[in-house]
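Residue numbers (our numbering), protein chains in the order written: chain A, 1 to 487; chain B, 1 to 537; chain C, 1 to 100.
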């Protein structure tokens, strides 16, 4: 009954994450209060260990656990994003937890459990496994969102995330039930085979896909299911926001891509227009709503909605391209990496500048930052310019790949909407930059010196963003390779 | 295509290297910051003169090329090259940058290090735009330039600097995003004849010229529209010009000089480098519309200049008028007129740059740009007034000075194509004389009306050092024009050459005459819609 | 023998009621219960399909759903208790620090 050793390797990152999570929980009561810093080091060790385990996993490609999971280059790619982002968040939260006087041990444990769930989603090839991974990551994230127990905003964020998240999960499950009813299976490959024959269940299958899409659209914050995003991102502790903006989004896109290309790969006409409309709506809603925000976290939340729209453009492009879908999928993957770097970096700086109790979150609070902490200001400017998609940053190449995939698929209107909304994006990204650089500071407030963990995140993300522009070759090759493994 | 040395890369990236050097200096060490910046810019100017040595006049095509693979997929190459069109524009850039640095020597008091850093980064961006032969590389430089310019206006500008900076960026981005889409579209189309597609400009030109790559009519119009919009905003052409006065008035003097001297040329350079050679049919079809916009720009810019109370705004609107003239020359598709347009781009860079410098010098003394605050300046400051007069005369096209040569060539070429266009061009020249001389009269002649003006100091040695080279160039380009024209002549003929498309009935037959007929009216309609859609903005 | 379509219709109605209650109810506990209703509608659908297809795995899925729903309820109720303690109210409209 015990799974073969190969299967253990194939879930190695998840095992490492879970083990460290449990280890931290068990060790936490035995560590005296003044030495809680050790938890952070243990957390970092766990994150790096999980990254090593990803490498181990990548050497054992193939299906695991009776076909519930698969290790292919696609899942390895996603694991890299998810565990990489989690490691950066561990680095960033070290200083935050101490400043906010929060329990350190549990935080890292929950972070590992959430990451483990995302990892399962990334390699799942069966809908119930997706559901289990989704819930493992969601339940841990609900608690993480609530982690600042003294702050009312944090409760509110957790409550909204919990209620809307469960609501979306119910939709996802109902979709699973319908697909199961129509095809008699929940394995993605088997669904594809069954769908080819079962023409009389077409209606049920389409409805099922619609429900699945609703569930995933919640997770990736795609319109019209994006309403929770700004509230949850604003209220959650900022390092958690950094995780929520990068990890679950990547995992949910992984699931979406697997569902549409593995299970519904032959039926792109059923889902193409759903994705198309959602992409257009998401870009418009995200970009226009972001213009009106005065809170940095809310602004970044709307910007992440907008980016979900750009990513959906690439998904739609891959769907419209038929046999040539690899370019679009590769564009999604490349953009996910760039996006995770930008968002984790930006939220880390927001968390650093927020100060004790997260009080300085208005854009106006950043006035004169360029003279007080030039490096921090420069890094934040770099992330914002990358989110905007200016050259010399990974965001530019990401946009180029998406544009190119969409043009090849002849989605002219989607491209035009994307181009126009990108220009709208200039308004709100540049506004932060002008506040930092063009305005003199009004109050006599100096941000705290940059903590080593935050500095490390800033350095790694900024270097990554620049490196991906100048040397995108290896990553793009990997992404293209991963895209091929989807069919 | 072999790599012919590293000169172009060195010229492009030396300023960037200098700006890295600036980073190493202490922030309050203003003297050495200025010296290092100036030394870098001067060294780059000298290096760029080496281009003249390596450049063979009369040889068509790109020279001193450098081609290195950069990104494998999509295939983006690091491809630089120079021809008669870009040669002088690069030298103009390296010539104006030291002058911009010198004129900011004292007037920039805070965040000195960042200022010169931005200026040098900007220089790299500008030279890169002129030298790139890969479409994506071109776009990268084109967009990178935005960032330092945004900061130059936003940090060191005048009262409404933030408004002006954001307006500048939004206008430019709106155009350039569509251009990026068009570049990628063109790339996709080139995939039909080159496996995998190509962003390489010379390759695409060759494919278009020998008919291996044919653009359907509607596609060509749309592509032309996207490129044209980006360049028209930069030029700026009439309805899209509203960012320019704001940006000019609010920018610091160095920013205005660079903006007027080089950045505006990128629009006209883009038209000559991309729009005409890549999309000749669309260019020819829409030329009358473009010409109408250019003529409106000429007259409108001149009339607004005439009634401007603000000296800097007056110069800014005169740019709208002058560049309308250049666009008119370009869209006459006559080699002589194009030759004149290239020449006029250089003239405008030098003359208008000098005008902005003089306006900046007046501003340093009185902290105002209002013409009515001046008057009778010839008495307290004869030397500056003399410089001012000389530059005004150059800008309005007095024979023997540089402006005359360019305007004459444009008129000569345009007249042979369309007499009405030439008439409007001539009207622009006459109006330029009116507003420039009138402005000069109000500033320099008459009684000294404001008491403070009586004691204003005349040119300092540094200011003379700035203005003399410009005046020498103005005179030299007026009487020694063959030196310059001999090197641009081939390029302007080549633009016409590149616009030719093979007449291959066999190929046209496969595309089908009927769909072509069906395509044409729809395409014309949509492209006109693009133009008109851009209009009311 | 009741045809399976009846069960499916019942399941759809329950799910629909859950959605409607989620949208219109104002008490957090009631909203939470409406989610449970939706999950149970899904369970019913799973069992029905499992019966209809003659496969057992649909019924196994139901256990998954029940277990996960229990875990979710534990966390969710904790969050709701926290809210109730701090605000002395369970009305969602009072929970409005973050503008929607």
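C-beta atoms are modelled at their ideal positions from N, C-alpha and C, and glycine is treated no differently.
| said: Starting from residue 169/B, trace the alpha helix (DSSP H) in both directions and tell me its first and last residue. | reply: For the purposes of this step, residue 169/B is taken as the residue at position 169 of the second chain. Run containing residue 169/B: 161 to 190, per the alpha helix (DSSP H) assignment.
| query | Are any of the Cβ atoms in chain A nearer than 7 Å to that of residue 95/C? | reply | What you label residue 95/C is simply residue 95 of the third chain in a count that begins at 1. For residue 95/C, the answer is yes, since a Cβ of chain A falls inside 7 Å of its Cβ.
| request: Tell me whether residue 190/A counts as near the ligand ATP, meaning its Cβ is closer than 6 Å to at least one heavy atom of that ligand. | output: Here there are no bound small molecules, and the ligand ATP is not part of this structure.
| field | the stretch 264 to 284 of chain A: positions lying closer than 7 Å to chain C by Cβ | value | Of all residues in the stretch 264 to 284 of chain A, none has a Cβ within less than 7 Å of some Cβ in chain C.
| query | Contact between the stretch 221 to 235 of chain B and the stretch 158 to 177 of chain B: three or more CB pairs below 8 Å? | reply | yes
| query | Mind pulling the chain C residues with CB within less than 8 Å of residue 188/A? | reply | Taking the first chain and counting its residues from 1, the one referred to as residue 188/A is at position 188. Per Cβ cutoff of 8 Å: no residues; residue 188/A is ~15 Å from chain C at best.
| said: Between the alpha carbons of residue 433/A and residue 114/B, how many angstroms are there, rounded? | reply: The residue labelled residue 433/A in the question sits at position 433 within the first chain. The residue labelled residue 114/B in the question sits at position 114 within the second chain. The straight-line gap from Cα to Cα measures roughly 15 Å.
| request: Closer than 8 Å, Cβ to Cβ, to anything on chain A: give me those residues from the stretch 174 to 190 of chain B, in chain order. | output: So the close ones are 174, 177, 178, 180, 181, 184, 185, 187 and 188.
| task | Take residue 270/B and list the residues in its own chain whose beta-carbon comes closer than 8 Å to its own, dropping the five residues that flank it on each side. | result | Residue mapping note: residue 270/B aligns to position 270 of the second chain, counting from 1. Excluding positions up to five away in sequence, the list reads 227, 230, 231 and 234.
| With a Cβ-Cβ cutoff of 7 Å, do residue 69/A and residue 250/A count as a contact? | The sequence position of residue 69/A within the first chain is 69, counting from 1. The sequence position of residue 250/A within the first chain is 250, counting from 1. No. Outside cutoff.
| Does the Cβ-Cβ distance between residue 92/A and residue 113/A come in under 7 Å? | Your numbering for residue 92/A matches position 92 in the first chain. Your numbering for residue 113/A matches position 113 in the first chain. Against a cut-off of 7 Å, the Cβ pair of residue 113/A and residue 92/A comes out as no contact.
| Does the pairing of the stretch 147 to 163 of chain B with the stretch 209 to 227 of chain B give three or more beta-carbon distances under 8 Å? | Cβ pair count under 8 Å is below three, so no.
| task | Would you kindly report the start and end of the unbroken beta strand (DSSP E) that includes residue 63/A? | result | The residue you call residue 63/A lines up with position 63 of the first chain. Residue 63/A -> beta strand (DSSP E) spans 62 to 64.
| request: Measuring alpha carbon to alpha carbon, tell me which of 254/A, 20/A, 290/A and 209/A ends up nearest residue 273/A. | output: On the first chain, position 273 is the one that residue 273/A refers to. Closest option to residue 273/A, Cα to Cα, is 209/A.
| Can you name, in chain order, every residue of its own chain whose Cβ lies under 8 Å from the Cβ of residue 322/A, other than the five neighbours on each side? | Mapped onto the first chain, residue 322/A falls at position 322. For residue 322/A, where only same-chain residues beyond five positions count, the Cβ hits under 8 Å are 268.
| Backbone secondary structure at residue 431/A - three-state DSSP | Counting from 1 along the first chain, the entry for residue 431/A is found at position 431. Residue 431/A falls in the helix class under three-state DSSP.
| field | residue 516/B in three-state terms, based on DSSP | value | What you label residue 516/B is simply residue 516 of the second chain in a count that begins at 1. Here the model assigns residue 516/B a pLDDT of 37, short of 50, so the residue's position is not dependable, and the following value carries that caveat. In the three-state scheme derived from DSSP, where H, G and I count as helix and E and B as strand, residue 516/B is classed as helix.
| said: Quick test of your reading: residue 349/B and residue 320/B, contact by CB under 8 Å. State the CB separation rounded to the nearest angstrom. | reply: The count along the second chain starts at 1 and reaches residue 349/B at position 349. The count along the second chain starts at 1 and reaches residue 320/B at position 320. The Cβ separation is near 15 Å, so there is no contact.
| request: Quick one: residues in its chain with C-beta nearer than 6 Å to the C-beta of residue 96/A, no 5 flanking neighbours on either side, listed in chain order? | output: By 1-based counting over the first chain, the position of residue 96/A is 96. These residues qualify, in order along the chain: 239 and 351.
| alpha helix (DSSP H) runs wholly inside the stretch 383 to 461 of chain B, at least 4 long, in chain order | 402 to 417 and 419 to 444
| query | Hey, out of 40/A, 67/A, 99/A and 26/A, whose CA is closest to residue 358/A's CA? | reply | Indexing the first chain from 1 puts residue 358/A at position 358. Checking every option, the nearest Cα to that of residue 358/A belongs to 99/A.
| message | To the nearest angstrom, how far is the alpha carbon of residue 75/C from that of residue 158/A? | response | On the third chain, position 75 is the one that residue 75/C refers to. On the first chain, position 158 is the one that residue 158/A refers to. Residue 75/C and residue 158/A have their C-alpha atoms spaced approximately 10 Å apart.
| Would a C-beta distance cut-off of 7 Å place residue 64/B and residue 123/B closer than the cut-off? | To locate residue 64/B, count along the second chain from 1; it is residue 64. To locate residue 123/B, count along the second chain from 1; it is residue 123. No, they are not a contact pair.
| request: Determine the chain A residues that contact residue 31/C at a beta-carbon separation under 7 Å, and present them in chain order. | output: Locating residue 31/C in the third chain gives position 31, where the first residue counts as 1. Near residue 31/C (Cβ distances below 7 Å), the residues of chain A are 163.
| Extent of the continuous beta strand (DSSP E) to which residue 91/C belongs | Residue mapping note: residue 91/C aligns to position 91 of the third chain, counting from 1. Residue 91/C -> no beta strand (DSSP E), and no H or E assigned at all.
| Which stretch, first to last residue, makes up the alpha helix (DSSP H) that contains residue 189/A? | As a working note, residue 189/A is residue 189 in the first chain. That run of the alpha helix (DSSP H) goes 188 to 197.
| message | Would residue 406/B and residue 344/B be called neighbours here (beta carbons separated by less than 7 Å)? | response | One-based indexing of the second chain puts residue 406/B at position 406. One-based indexing of the second chain puts residue 344/B at position 344. Contact: yes.
| query | In terms of residues, what are the limits of the alpha helix (DSSP H) holding residue 285/B? | reply | Here residue 285/B refers to the residue found at position 285 when the second chain is read from its first residue. Element bounds for residue 285/B: 280 to 306.
| query | When you compare each of 141/B, 110/B, 99/B and 279/B to residue 538/B by their alpha carbons, which one comes out closest? | reply | Since the first residue shown for chain B is 1 and the last is 537, residue 538/B is missing from the structure and cannot be characterised.
| task | Could you spell out the range, first to last residue, of the alpha helix (DSSP H) harbouring residue 287/A? | result | Looking up residue 287/A in the first chain gives position 287. Per DSSP, residue 287/A belongs to the alpha helix (DSSP H) from 268 to 291.
| task | Kindly indicate the opening and closing residues of the beta strand (DSSP E) around residue 70/B. | result | Locating residue 70/B in the second chain gives position 70, counting from the first residue. From DSSP, the beta strand (DSSP E) with residue 70/B extends over 63 to 71.
| task | Could you confirm whether any beta carbon from chain B is found closer than 7 Å to the beta carbon of residue 426/A? | result | The count along the first chain starts at 1 and reaches residue 426/A at position 426. Yes, contact with chain B.
| field | Given residue 116/B as reference, the closest of 130/B, 97/B and 128/B once Cα atoms are compared | value | Mapped onto the second chain, residue 116/B falls at position 116. Comparing Cα-Cα distances from residue 116/B to each of 130/B, 97/B and 128/B, the minimum goes to 97/B.
| request: With 9 Å as the limit, tell me which residues of the stretch 140 to 152 of chain B have their beta carbon closer than that to any beta carbon of chain A; keep them in chain order. | output: 140, 141, 142, 143, 144, 146, 147, 150 and 151
| message | Given this structure, state the Cα-to-Cα distance separating residue 164/B from residue 250/B, to the nearest angstrom. | response | Here residue 164/B is taken as the residue at index 164 of the second chain, counted from 1. Here residue 250/B is taken as the residue at index 250 of the second chain, counted from 1. Rounded to the nearest angstrom, the two C-alpha atoms are 7 Å apart.
| Does the separation of the CB atoms of residue 318/A and residue 329/A fall below 7 Å? | Your numbering for residue 318/A matches position 318 in the first chain. Your numbering for residue 329/A matches position 329 in the first chain. Yes, the Cβ-Cβ distance between residue 318/A and residue 329/A is below 7 Å.
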